[in-house]
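Student: Residue numbering for the sequence shown is 0 to 217, as defined by numbering that gives the first Met the number 0.
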Amino acid sequence: MKKLSSLVLALPVLALLVLVAAPVLAQPAVDLPRLGCIRDSQSQLRIVYGVRASFILSPPVALKVRAFFCSETIIAAQTPDALVAFDQSGAEIARVAVAEDAIVEFESDGKVLVADQLFIFDGKQWIEQEGGPPGPRRTPASGSAPKLGACTARLEQGKVALCEESLPDLPPVLSVERIGPGWLHLRTAEGSFALTLRNGKPETYALPATPPDAGEER
Numbered sequence: 000m001k002k003l004s005s006l007v008l009a010l011p012v013l014a015l016l017v018l019v020a021a022p023v024l025a026q027p028a029v030d031l032p033r034l035g036c037i038r039d040s041q042s043q044l045r046i047v048y049g050v051r052a053s054f055i056l057s058p059p060v061a062l063k064v065r066a067f068f069c070s071e072t073i074i075a076a077q078t079p080d081a082l083v084a085f086d087q088s089g090a091e092i093a094r095v096a097v098a099e100d101a102i103v104e105f106e107s108d109g110k111v112l113v114a115d116q117l118f119i120f121d122g123k124q125w126i127e128q129e130g131g132p133p134g135p136r137r138t139p140a141s142g143s144a145p146k147l148g149a150c151t152a153r154l155e156q157g158k159v160a161l162c163e164e165s166l167p168d169l170p171p172v173l174s175v176e177r178i179g180p181g182w183l184h185l186r187t188a189e190g191s192f193a194l195t196l197r198n199g200k201p202e203t204y205a206l207p208a209t210p211p212d213a214g215e216e217r
């Protein structure tokens, strides 16, 4: 009887705990910081979330990506037959067909030059500006050596030099691409790394492995 009485007395307390916990459990998970995007070893575009030494990669946003640009306001990618814009979660917003052999250059402000035509994304659709813009061209983000702050990252014979200083303790580097503001992606023969500057000094962090994903082309 004592055990039964204790259980009866505890029921209101348990009910109160459930009522207090329910709103907390119902709240969505806290959004992780979005650092930018990478093109993995299978040419799949993925969004990078997290902080130093703790990263999460999204499922593929696009497949067979030839070039891309990722900033705080736009994610855009060139696939074999299209120029595609995505929202910050990786959902497709708009696309425009481009020739398979088209030379596409993503400018540092997110505008895209396809041959002699400039495409500007207005947040909903791609707008074509015939003949490209008047005046001098800006440096293409996809065609120039990536930078961290004022330092240019140069890749030579599998080694990366940042501000003319080589980065030690890395496997042979195959490519260097921009992740987003303040971060570069180093793809090596043994995995991927994120490179950033901290107090003016380069730091590298391993990125999660990205096994091939089966699925329809996006």
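For every residue, glycine included, the Cβ atom is placed at its ideal position computed from N, Cα and C.
With DSSP collapsed to three states, give me the class of Gln124.
Tutor: For this step, residue 124 is matched to residue 125 along the sequence shown. The answer is coil: DSSP assigns Gln124 none of H, G, I, E or B.
Student: Find out if the Cβ-Cβ distance for the pair Ala101, Val113 is shorter than 8 Å.
Tutor: Translated into the one-based positions of the sequence shown, residue 101 becomes position 102. Translated into the one-based positions of the sequence shown, residue 113 becomes position 114. Against a cut-off of 8 Å, the Cβ pair of Val113 and Ala101 comes out as a contact.
Student: Helix, strand or coil, according to DSSP, for Arg51 in the structure here?
Tutor: Against the sequence shown, residue 51 aligns to sequence position 52. DSSP places Arg51 in coil when its eight states are reduced to three.
Student: Which class does Glu155 belong to by DSSP, given the choice of helix, strand or coil?
Tutor: Sequence index remark: in the sequence shown, residue 155 carries index 156 (1-based). Strand, per DSSP.
Student: In three-state terms, what does DSSP make of Ser88?
Tutor: Taking the first residue of the sequence shown as 1, we reach residue 88 at position 89. Coil at Ser88, not helix or strand.
Student: Looking at the strands, I want to know which residues DSSP matches up with Thr209.
Tutor: Here residue 209 is taken as the residue at index 210 of the sequence shown, counted from 1. DSSP output for Thr209 lists no bridge partner at all.
Student: Measure the C-alpha to C-alpha separation of Glu71 and Pro167 and round it to an integer number of angstroms.
Tutor: Residue numbering aside, residue 71 sits at position 72 when the sequence shown is read from its first letter. Residue numbering aside, residue 167 sits at position 168 when the sequence shown is read from its first letter. Each residue's alpha carbon lies about 30 Å from the other.
Student: Taking 8 Å as the threshold, find out whether the stretch 199-210 comes into contact with the stretch 161-176 through three or more Cβ pairs.
Tutor: yes
Student: Leu183 lies in the beta strand (DSSP E); which residues open and close that run?
Tutor: What you label residue 183 is simply residue 184 of the sequence shown in a count that begins at 1. For Leu183, the uninterrupted beta strand (DSSP E) run begins and ends at Trp182 to Thr187, by DSSP.
Student: Hey, Ala66 and Phe105 are a contact pair by Cβ (cut 8 Å); roughly how many whole angstroms apart?
Tutor: As a working mapping, residue 66 is identified with position 67 in the sequence shown. As a working mapping, residue 105 is identified with position 106 in the sequence shown. The Cβ separation is near 6 Å, so the contact holds.
Student: Quick check on this structure: which residue in Ser53, Ser57 and Pro32 has the alpha carbon closest to the alpha carbon of Thr209?
Tutor: As a position in the sequence shown, residue 209 is number 210, starting the count at 1. Of the candidates Ser53, Ser57 and Pro32, the one whose C-alpha sits nearest the C-alpha of Thr209 is Ser57.
Student: Sort Val111, Phe118, Pro170 and Leu196 by Cα distance to Cys150 and report the nearest one.
Tutor: The residue given as residue 150 occupies position 151 in the sequence shown. Nearest of Val111, Phe118, Pro170 and Leu196 to Cys150, Cα basis: Leu196.
Student: To the nearest angstrom, how far is the alpha carbon of Ala52 from that of Gln116?
Tutor: On the sequence shown, position 53 is the one that residue 52 refers to. On the sequence shown, position 117 is the one that residue 116 refers to. If I take the Cα positions, the gap works out to 41 Å.
Student: Measure the C-alpha to C-alpha separation of Ile178 and Lys63 and round it to an integer number of angstroms.
Tutor: Mapped onto the sequence shown, residue 178 falls at position 179. Mapped onto the sequence shown, residue 63 falls at position 64. Each residue's Cα considered, the two are about 17 Å apart.
Student: When you compare the CB positions of Ile92 and Cys36, do they come within less than 8 Å of one another, or not?
Tutor: In the sequence shown, counting from the first residue as 1, residue 92 sits at position 93. In the sequence shown, counting from the first residue as 1, residue 36 sits at position 37. No, the pair does not count as a contact, with Cβ atoms beyond the cut-off.
Student: Based on Cα-Cα distance, which residue from Val175, Pro145 and Arg94 lies nearest to Phe120?
Tutor: Translated into the one-based positions of the sequence shown, residue 120 becomes position 121. Per the Cα distances, Arg94.
Student: Note down the Cα distance separating Phe54 from Leu206, rounded to an integer number of angstroms.
Tutor: Residue 54 sits at position 55 when you count from the first residue of the sequence shown. Residue 206 sits at position 207 when you count from the first residue of the sequence shown. Approximately 6 Å between the Cα atoms of the pair.
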